[in-house]
Structures are given as structure tokens and as C-alpha cells.
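Shown next, in C-alpha cells, is the structure this report addresses.
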Amino acid sequence: SMGNSSKEGREILHGISLEFPKGGFVSIVGESGCGKSTLLELLAGHKACKGGEIRLYTDKIAYLPQSPFLFAGTLKENLIFDAQADERAVRRLMDKVGLDLPLDTEIRAEGDNLSGGQKARIALVRALLTEPALLIADEITASLDSRLGERIEALLLEEYPETALCVVAHRVYCREKYTSVLELCSGRI
Numbered sequence: 168s169m170g171n172s173s174k175e176g177r178e179i180l181h182g183i184s185l186e187f188p189k190g191g192f193v194s195i196v197g198e199s200g201c202g203k204s205t206l207l208e209l210l211a212g213h214k215a216c217k218g219g220e221i222r223l224y225t226d227k228i229a230y231l232p233q234s235p236f237l238f239a240g241t242l243k244e245n246l247i248f249d250a251q252a253d254e255r256a257v258r259r260l261m262d263k264v265g266l267d268l269p270l271d272t273e274i275r276a277e278g279d280n281l282s283g284g285q286k287a288r289i290a291l292v293r294a295l296l297t298e299p300a301l302l303i304a305d306e307i308t309a310s311l312d313s314r315l316g317e318r319i320e321a322l323l324l325e326e327y328p329e330t331a332l333c334v335v336a337h338r339v340y341c342r343e344k345y346t347s348v349l350e351l352c353s354g355r356i
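Counting in this note's numbering, the sequence shown runs without a single skipped number right up to 356 at its last residue.
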């Protein structure tokens, strides 16, 4: 259950109570500015909840914002923070999400030399390598063409049955496979 206010003190979200079951796939939809990104930032711990509480039963959470963090370095360095990561697993995931760049590709700060779709796919591979129990994604398929967006959505649904997924998306491809699609309107579900 939660509520949250803007900097001006206006309450953005009110009376929201959600549960994300293990392996559940929840999509949050709604008009621009209705509080979807705020809700995800609260769930990810990037914003403090001003009322109510958020209880997380895992610390294995991956958060994919609309503008993922990338730093100057190689693609491999941006993907693999843990030197123990299996490079074969990295390449397999890159192939699955359609990221066809060499691992030694130099990336500029903020990924200025990459497309929005490449940045989103890098962030997704990086997140999946952590084997999260909860994956929170803000418009992960927005910068992708519909065929690739559908492929990535199917990958998440079919190959990560133990991961709870909470996504904000304007386009929903595999609607029948979602646990629930929640509409956020005027700060309420």
C-alpha cells in the first residue's frame, strides 16, 4: 500500500495496494503523467514512499529505467560488472535480444554513440545476467520495432518463469500471458 507526493506536495499516487507473485507478469498502463514511472521508482527504491509501506521479500531486484545508465568503456564492461560472469551466457542473451555489437565496442558516456534500442537491450542483458527475482522495467520495448518488442516480451515470459515482472508499456504484445494488466488513472489502480 502506498501514496506518494510530488515536490510541490501534490499527492500523485493514492491507496495503491499491489502484490507481485513469483513468476507473475504485471503490466501497468495509463495516460502520460498519471504516475506510472513514479510507481516503478518507488518499487525499485529510487524514491522514498511518503505514506504506506513497500515490503520486498527479495533484494534481487533489477530496475530498467527509460534512460538506462551507461558509462564510457567497452560493451563488455557495461554488461558485466562481475568478472565471474560466463561470456557464453552473455553472448546467448545478446543474441536473444538482438544486440549484435562486438563485446569490444567502445561506448561513450551515457551511450551517446548508440541508438535508444541498443541502450535498452544492453540494460536488459545486464539486468538478466543478475538473475533477478523481480524485474521492474519502464517502457523497455518502446524504442524497439514491434517484431523485436514482441520477441523480447516472449523471452521474458517464457524463459524466466521464476522472475516476477512489473512493466510499464504502451504496447502489450502477449496480453493473454500476463497475470494482470493494471490501469493507472488519476493516481489510482
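Cβ atoms here follow ideal geometry from the backbone N, Cα and C, with glycine treated the same way. Computed from a predicted structure; not experimentally measured.
- When only Cα atoms are considered, I274 and G182 end up about 42 Å apart.
- Nearest neighbour of R255 by Cα position, chosen from L332, V292 and F187, turns out to be V292.
- Between L246 and V257, the CB-CB gap stays under 8 Å.
- Under the 8 Å Cβ criterion, the stretch 297 to 311 counts as touching the stretch 327 to 340, having at least three qualifying pairs.
- Residues of the same chain with a CB within less than 6 Å of the CB of Q233, apart from the 5 flanking positions on each side, are D305 and E306 in chain order.
- Shortest Cα-Cα distance from L260 to any of V196, I356 and R318 involves R318.
- The DSSP-derived three-state label of I307 is coil.
- Secondary structure note for G182: it is in no alpha helix (DSSP H), and the uninterrupted beta strand (DSSP E) holding it is E178 to I183.
- The stretch 247 to 325 contains, as complete beta strand (DSSP E) runs of 3+ residues, the segments 301 to 305 (chain order).
- With contacts defined by Cβ atoms closer than 8 Å, L302 and A294 form a contacting pair.
- The beta-bridge partner set that DSSP reports for E329 is empty.
- Between T297 and E186, the alpha-carbon positions lie close to 22 Å from each other.
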